[in-house]
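The structure under discussion appears below in the form of structure tokens.
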Amino acid sequence: MIIYSRTLAYEGEEEPQETISYSDLPPVPADVIKDCLHLQLYRDSKDRYKQGQTKASLSLQHFLGVETGFTLDKESNTIAILCQDVTVVLAFDTRERLIQWQVKIANNLGEDQQFLVQISSAPPKAKIASGPARLHVQEYRFCMTLGVPPRLVGIWEISKL
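Taking the UniProt record's numbering, the leading residue of the sequence shown gets 1, the next gets one more, and so forth.
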């Protein structure tokens with residue numbers, strides 16, 4: 001299953017990419033990569049349809065959840081894909097395309113429960129400041145994000161608490 005769409009992929013401070021494709025990895029036992037997402041970036045849509053060379057390919061492992069509904073660089077149809085090691089932010093041309101991606105990700109990787117929380121205080125050496133945060137709960141773990149775009153500040157296994 002593949003979703004193709006024109007989008008902007010933000011990676012650090014570089015200029016956004018133009019075209020991205022989402023696909024599930026080939027079938028393997030579910031417990032091996034059930035939390036892995038594979039993204040392929042193309043220079044333009046012609047390369048995608050001609051089976052052309054990808055500009056970049058990302059395998060995102062340890063999926064934690066998604067955040068949407070924030071504005072970044074005047075783009076409002078944005079999604080942040082939260083993974084243990086990286087957060088990828090994508091911006092879409094239309095809200096419909098954003099929703100299509102949300103549904104595909106939720107159907108294939110699971111949907112997290114999100115809670116807006118308020119951090120009242122933290123130890124002085126902590127990397128967390130007082131203020132609003134978002135708690136993502138999915139299966140056996142949860143994580144916390146801060147800011148726009150979301151920045152992952154912690155991951156916890158529920159069984160280890």
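All C-beta atoms, glycine included, are put in the ideal place defined by N, C-alpha and C.
- Beta-bridge pairing by DSSP links E75 to L72.
- Between L90 and I99, the CB-CB gap reaches or exceeds 7 Å.
- In this structure D85 is exposed. Its beta-carbon is surrounded by fewer than 16 other beta-carbon atoms within 10 angstroms.
- Under the three-state reduction of DSSP, E96 is assigned to helix.
- L161: not part of any beta strand (DSSP E); DSSP gives it neither H nor E.
- Taking C-beta separations shorter than 8 Å and ignoring five residues to either side along the sequence, the partners of F142 in its chain run L135, H136, I155, W156, I158, following chain order.
- For A56, the enclosing beta strand (DSSP E) has its first and last residue at 56-60.
- Check the Cα spacing between K104 and each of G65, L161, F115: the tightest is with G65.
- In this structure D35 is not in contact with F70, their Cβ atoms being roughly 23 Å apart against a cut-off of 8 Å.
- At a Cβ-Cβ threshold of 7 Å, L152 and T68 do not count as neighbours.
- The beta carbon of R95 is closer than 7 Å to those of N77 in its chain, skipping five residues each way along the sequence.
- Per DSSP, the beta bridge partners of R141 are Q138, E157.
- Rounded to the nearest angstrom, the Cβ distance from A133 to T145 is 7 Å, consistent with a contact under 8 Å.
- With respect to L41, A56 sits close: the two C-beta atoms are nearer than 7 Å.
- Counting the other CB atoms within 10 Å of its CB gives F92 a total of 16 or more, which places it among the buried residues.
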